[in-house]
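All remarks here apply to the structure that follows.
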Amino acid sequence: MKPINLHLLFALNAAFATSGTALAQTYPDKPVRVIVPAPAGGALDVVARQFMQKLGETLGAQFVVDNRGGGNGSIGAETVARAPADGYTLLFASSSVLSINPHLGAKTAYHVLKSFAPVILIGYSPNVLVVHPSLPVANVRQFIAIAKAKPGALAFASNGAGSLSHLTGALFMQQAGVNLLHVPYRGAAPAVIDTVAGHVSVLFAAYGSVSGQMQSGKLKALAVTSAKRISAAPNLPTVAESGLPGFDSTQWWGAYGPAGMSADIVNRLNRELNVILATADTRKRLATDGADPAGGTPADLAAHHKSDFERWQKVIQDAGIKGE
Numbered sequence: 012m013k014p015i016n017l018h019l020l021f022a023l024n025a026a027f028a029t030s031g032t033a034l035a036q037t038y039p040d041k042p043v044r045v046i047v048p049a050p051a052g053g054a055l056d057v058v059a060r061q062f063m064q065k066l067g068e069t070l071g072a073q074f075v076v077d078n079r080g081g082g083n084g085s086i087g088a089e090t091v092a093r094a095p096a097d098g099y100t101l102l103f104a105s106s107s108v109l110s111i112n113p114h115l116g117a118k119t120a121y122h123v124l125k126s127f128a129p130v131i132l133i134g135y136s137p138n139v140l141v142v143h144p145s146l147p148v149a150n151v152r153q154f155i156a157i158a159k160a161k162p163g164a165l166a167f168a169s170n171g172a173g174s175l176s177h178l179t180g181a182l183f184m185q186q187a188g189v190n191l192l193h194v195p196y197r198g199a200a201p202a203v204i205d206t207v208a209g210h211v212s213v214l215f216a217a218y219g220s221v222s223g224q225m226q227s228g229k230l231k232a233l234a235v236t237s238a239k240r241i242s243a244a245p246n247l248p249t250v251a252e253s254g255l256p257g258f259d260s261t262q263w264w265g266a267y268g269p270a271g272m273s274a275d276i277v278n279r280l281n282r283e284l285n286v287i288l289a290t291a292d293t294r295k296r297l298a299t300d301g302a303d304p305a306g307g308t309p310a311d312l313a314a315h316h317k318s319d320f321e322r323w324q325k326v327i328q329d330a331g332i333k334g335e
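Per my numbering, the sequence shown starts with residue 12, numbered consecutively.
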């Protein structure tokens with residue numbers, strides 16, 4: 012066996028490093044397809060288009076949103092997992108696709124923690140715990156007291172079985188030690204309508220879907236479900252500070268590429284998206300929907316994703332929840 016030529020090895024490593032940096036400097040030199048695994052017009056699609064438009068302006072290329080709904084997000088996600096890892100196919104997905112749906116029985120040809128290269132955690136949006144004004148409670152502690160006094164008597168609405176609003180209610184019941192009757196609806200709109208009408212007493216809903224009813228007094232907000240208060244409603248306490256320490260349930264959005272994507276391209280995208288997240292107009296736009304920016308490194312997204320994935324796995328298993 013011939014001895015290894017260390018000079019040649021160092022030269023090759025340097026060449027690869029230089030070519031990777033050069034690739035990142037010229038990237039992108041053609042349109043980038045951004046898969047959004049949801050229909051056009053939804054919250055995920057709106058956020059994705061906002062960020063991809065700004066990213067395109069910054070990098071001087073088109074970042075074209077391609078909506079690939081179906082399969083609870085698995086169709087779009089699989090498209091990215093199978094794509095070349097050259098930076099020209101990206102995934103912009105929510106925690107529902109990446110942390111929740113994999114535990115609801117659907118089989119996929121990819122693994123959400125292994126098949127993608129994390130780029131950046133874009134932002135997060137919690138649910139809000141709202142009740143019908145007729146329910147004589149002013150805070151979470153009083154709500155828990157009534158729920159414990161009447162096991163199964165209070166009904167809570169959700170956007171559907173396996174939705175984040177459903178799982179937030181399940182997590183609440185597990186941590187508070189209460190029993191609420193789950194009433195699933197087909198989407199947020201009918202759930203909000205029936206809660207306003209008093210057909211159900213309780214709702215865990217995205218801030219944007221109930222903010223108008225909160226302001227008009229048609230629904231009474233008790234708390235947000237995130238670990239920290241949100242900028243859109245700074246006076247609204249969190250569930251965690253209202254009697255359930257450690258409670259945290261949020262929808263979040265992340266940008267990814269296929270596994271194996273160049274670290275130089277990942278880091279360039281991460282850097283530019285962090286800059287966009289820091290702008291006042293971006294933060295203001297997110298706040299109108301009750302969302303706050305996140306940012307950070309690709310490693311931050313990977314750690315957050317893994318923790319969230321494992322948390323919902325336990326909640327779903329403990330509650331025996333099945334997808335629709």
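Glycine is no exception: its CB is placed at the ideal position from the N, C-alpha and C atoms.
Compute the Euclidean distance between the alpha carbons of threonine 249 and leucine 165, then round it to the nearest angstrom. Within the sequence shown, numbered from 1, the residue matching residue 249 stands at position 238. Within the sequence shown, numbered from 1, the residue matching residue 165 stands at position 154. The straight-line gap from Cα to Cα measures roughly 21 Å.
Can you grab the Cα-Cα spacing for the pair alanine 54 / tyrosine 218, in whole Å? Looking up residue 54 in the sequence shown gives position 43. Looking up residue 218 in the sequence shown gives position 207. Their Cα atoms are separated by approximately 12 Å.
Continuous alpha helix (DSSP H) assignments of at least 4 residues falling wholly in the segment 137-191: 151-160, 175-187
So aspartate 205 and valine 213 are in contact, right, with Cβ under 8 Å, and what is the actual spacing, rounded? Counting from 1 along the sequence shown, the entry for residue 205 is found at position 194. Counting from 1 along the sequence shown, the entry for residue 213 is found at position 202. With 8 Å as the limit, aspartate 205 and valine 213 do not qualify as a contact, their Cβ atoms being about 11 Å apart.
Is it buried or exposed for asparagine 78, if we count other Cβ within 10 angstroms and need 16 for buried? Along the sequence shown, read from residue 1 onward, the residue named residue 78 stands at position 67. That one is buried.
Quick check on the DSSP output: what are the complete beta strand (DSSP E) runs of length 3 or more inside the segment 253-334, in order along the chain? 261-269
Endpoints, alpha helix (DSSP H) assigned at serine 227: Working through the sequence shown from its first residue, we reach residue 227 at position 216. Segment 218-227, the alpha helix (DSSP H) holding serine 227.
Which residue's Cα is closest to the Cα of threonine 308: Leu178, Gly209, Ala266, Ala49? As a first step, residue 308 must be located in the sequence shown, where it is residue number 297. Residue Ala266 is the option with its Cα nearest to threonine 308.
Which residue from Gly268, Leu233, Arg282 puts its Cα closest to that of valine 142? One-based indexing of the sequence shown puts residue 142 at position 131. Nearest of Gly268, Leu233, Arg282 to valine 142, Cα basis: Leu233.
Give me, in chain order, the residues of the same chain whose beta-carbon lies closer than 7 Å to that of alanine 49; leave out the 5 immediate sequence neighbours on both sides. Working through the sequence shown from its first residue, we reach residue 49 at position 38. Answer for alanine 49: Leu55, Asp56, Asn78, Gly80, Gly84, listed in chain order.
Have a look at asparagine 170 and arginine 152 and give me their C-alpha separation to the nearest angstrom. Against the sequence shown, residue 170 aligns to sequence position 159. Against the sequence shown, residue 152 aligns to sequence position 141. Each residue's Cα considered, the two are about 24 Å apart.
DSSP beta-bridge partners for valine 76? Within the sequence shown, the letter at position 65 stands for residue 76. Beta-bridge pairing links valine 76 to Val45.
Threonine 100 - containing beta strand (DSSP E), residue span: One-based indexing of the sequence shown puts residue 100 at position 89. Here the beta strand (DSSP E) through threonine 100 covers 100-105.
From glycine 306 to alanine 156, what does the alpha carbon distance come to, in whole angstroms? In the sequence shown, the residue the question calls residue 306 occupies position 295. In the sequence shown, the residue the question calls residue 156 occupies position 145. Taking the straight line from one Cα to the other gives about 38 Å.
Classify leucine 70 as helix, strand or coil using the three-state DSSP reduction. For this step, residue 70 is matched to residue 59 along the sequence shown. Reduced to three states, the DSSP call for leucine 70 is helix.
Which class does lysine 118 belong to by DSSP, given the choice of helix, strand or coil? Here residue 118 corresponds to residue number 107 of the sequence shown, with the count starting at 1. It is coil, neither helix nor strand.
Between the segment 85-97 and the segment 270-278, do at least 3 Cβ pairs fall closer than 8 Å? yes
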